[in-house]
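K.L.:
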Amino acid sequence: MRNKEHSQAIGCWESARKCARRMCHRQKESDCYSGIGQALLALGDLSTGKRSLKKSFLLGSRDLTDRDIVCRNLKYAIRGCRLEESLSELSEEDQQGALCLYEQLGDLYCKVGCYTRAIEKYRMQLNCAETLGRPERELAVIHVSLATIFTDLKDYRQAVEHYRAELDLGNRDLFEECKTWLKIAQCYEEDGRGHTDIQSCLSNALQCARRAGETVLQREVLTQLLALQEETGDPEYTQTKAMLQELLLDPGRVGSAVKEEQMEISEPLRESDLQLSDDDEDLEFYGIFAHDRRKVNRWNQRNKKGETPLHRACIRGKIDSVKNLLEMGHPLMKRDNSGWTPLHEAANHGHLDIVQLLLEKGANINDQGGHLCGGITPLHDALLNGRFYVAQLLILQGASVTLKNARGDTPLGSLREWLGTMELLNPETLKLYNETESLLMEAQASQEAAAPP
């Protein structure tokens, strides 16, 4: 975990968990589920991480500190899943709502150590803020969030880019401007930049501290500048030392301390948060059983097209939301007003990972839709839209290549119909087309040969 090998750590935790089960050691198994859950959160898999942490919480821990850690991480996972669900249900026009959700998700992913997702959400927040014309002060805060993450990741070049973007926005708070120059100087030092660049940043920081009348801050800057000048043999070392000694005699005014904002979720866990799904039978070994969760009405909250939350998450390619919805019991094969299933939507929009997940959960691979769908299967749908990777996955997973739609076309006919709509294919697309065509023809010959006479 310390080396960020989260996937490898999950494998080790799972092996340890199986050993704990053979030993009938409830406490150790709880610890393993906790480790798996934390690793999954760090990978950004909130839904699966929530399941592991829920099991750890239910199995219990004798150590109060460990129990508090599990409880805190479980709350993060639950909150993150709800935020991702809210984001998936948000209309594309609601930029203000998205702005708020992106910020909260960025903060949450930072807390669980998933910095790649945090960067993604903060960048989306920045795009929304710029689109909405938010004040420069708000944009500056987002740049600082991104710079801080890149610094933690030791990507000092990108960190400096965002710190300088903050400065370019015209920040007039001299105390904070001074702090920013100090952070840029630190990034330069860690990145091995030349002394001239570092000294330039420290000089800018010193000017800001003086203009702000911040004696304590001036001492901080002069201390760093003095160390740099001593290292480089700078002739101004003596003068800088004298200025620092003079300031040491003045207690000065302490600037307003910047407190780190803590995302603490004070509300207690609800009973519904701890209910297990039917897939969690493994805890029955310890006498912990799943409960029926009646959420049918919730999944009937459709839009004008009759799309359920799962339909919308599949259309937008929100894999975490799809996982979360399925985990909470969303029906797999609900149809919209036209008769399309979530699998149709995922195939139509080319979201390979979601198609794979829906198939693993048991979605009907050969569903031909409702009465308005023209007998189109997910495979037809993928081919008609040039989604070759999805089509190849469906074929390899056993989708029928002989089923015909209402117009009498097999999937091979749908592929050639798509080709007829294209004027010119680039080499990569042509290669994918030929691979898919060959795969279809091989599968068709195999399925026709296996069909009863």
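Quick note: the sequence shown uses the UniProt record's numbering, first residue 1, plus one each step. Backbone N, C-alpha and C define an ideal beta-carbon position, used for all residues, glycine too. For clarity, every value in this text was computed on a predicted model and none was experimentally measured.
Could you give the residue range of the alpha helix (DSSP H) that holds W418?
P.N.:
Its alpha helix (DSSP H) spans residues 411–420.
K.L.:
Given a cut-off of 8 Å, decide if N337 and G375 are closer than it, judged by their beta-carbon atoms.
P.N.:
Their beta carbons are not under 8 Å apart, which means G375 does not touch N337 by this criterion.
K.L.:
Please return the same chain residues whose Cβ sits closer than 7 Å to the Cβ of M243, not counting the five positions on each side in sequence.
P.N.:
Closer than 7 Å at Cβ, skipping near neighbours: L222.
K.L.:
Closer than 6 Å by C-beta to V144: which residues in its own chain qualify, once you throw out the five before and the five after it? Chain order, please.
P.N.:
Result list for V144: E166, in chain order.
K.L.:
Below 8 Å between beta carbons: does that hold for I319 and I354?
P.N.:
Yes, these two residues count as a Cβ contact at 8 Å.
K.L.:
Within the UniProt repeat "TPR" (140–173), note down every full alpha helix (DSSP H) run reaching 4 residues or more, in order along the chain.
P.N.:
With a minimum length of 4 residues, the continuous alpha helix (DSSP H) runs that stay inside the UniProt repeat "TPR" (140–173) are 156–168.
K.L.:
Note down, in chain order, each residue of its chain lying with its Cβ closer than 8 Å to the Cβ of Q224, except the 5 sequence neighbours on either side.
P.N.:
Within the same chain, Q224 has close Cβ partners L182, A185, L202.
K.L.:
For L440, name the three-state secondary structure that DSSP assigns.
P.N.:
Residue state, collapsed to three classes: helix.
K.L.:
Could you give the C-beta distance for E327 and R79, rounded to a whole number, given that I count them as a contact under 8 Å?
P.N.:
Between R79 and E327 the Cβ distance is about 15 Å, and since that is not below 8 Å, they are no contact.
K.L.:
Just to confirm the assignment, what range does the alpha helix (DSSP H) spanning S91 have?
P.N.:
Premise fails: S91 is in no alpha helix (DSSP H) and is neither H nor E.
K.L.:
Buried or exposed: where does R231 fall if 16 or more other Cβ atoms within 10 Å of its Cβ makes it buried?
P.N.:
In the sequence on display, residue 231 carries Glu and not Arg. It is exposed - the Cβ of E231 has fewer than 16 other Cβ atoms within 10 Å.
K.L.:
Give the DSSP-derived three-state secondary structure of V112 in the structure shown.
P.N.:
Of the three classes helix, strand and coil, the one that applies to V112 here is coil, per DSSP.
K.L.:
At what residues does the alpha helix (DSSP H) containing T196 begin and finish?
P.N.:
Element bounds for T196: 195–212.
K.L.:
Give a yes or no on contact between the region 36–46 and the region 111–119, applying the rule of three or more CB pairs nearer than 8 Å.
P.N.:
The region 36–46 is in contact with the region 111–119.
K.L.:
What do you get for Q245, buried or exposed, if any count of 16 or more other CB atoms within 10 angstroms of its CB means buried?
P.N.:
When all chains shown are included, Q245 counts as exposed.
K.L.:
Going by CA-CA distance only, name the one from L108, R137, Q104 that's closest to Q125.
P.N.:
Among L108, R137, Q104, the Cα nearest to that of Q125 belongs to Q104.
K.L.:
Counting Cβ pairs, one atom from each stretch, are 3 or more of them under 8 Å apart for the region 85–100 and the region 55–72?
P.N.:
Segments in contact, no.
K.L.:
Considering only residues of the same chain and omitting the five flanking positions on each side of L247, which have a CB-CB separation below 8 Å?
P.N.:
Closer than 8 Å at Cβ, skipping near neighbours: T215, Q218, R219, L222.
K.L.:
Would you grab the beta carbon distance between H371 and G339 for me? Rounded to a whole angstrom, and I think it's under 8 Å.
P.N.:
About 6 Å separates the two Cβ atoms, so the contact holds.
K.L.:
Starting from the C-beta of L432, find all residues in its chain whose C-beta is less than 6 Å away, skip the five residues before and the five after it, and write them out in chain order.
P.N.:
So the list reads F388, once near-sequence residues are dropped.
K.L.:
Return helix, strand or coil for R294, following the three-state DSSP convention.
P.N.:
Confidence at R294 is low in this model, with a pLDDT of 43, below 50, so the placement of that residue should be treated as unreliable; the coordinate-derived value is given next. R294 falls in the coil class under three-state DSSP.
K.L.:
Measure the C-alpha to C-alpha separation of R210 and G133 and round it to an integer number of angstroms.
P.N.:
Straight-line Cα distance between these residues: approximately 33 Å.
K.L.:
Apart from the five residues on each side of it in sequence, which residues of its chain come closer than 8 Å, Cβ to Cβ, to residue 470?
P.N.:
The requested residue 470 is not part of the displayed model; the chain covers only 1 to 453.
K.L.:
Under 6 Å Cβ to Cβ from A347, same chain only, skipping five residues before and after it: list those, please.
P.N.:
Excluding residues within five positions, the ones whose Cβ falls inside 6 Å are V355, P378, D381, A382, V390.
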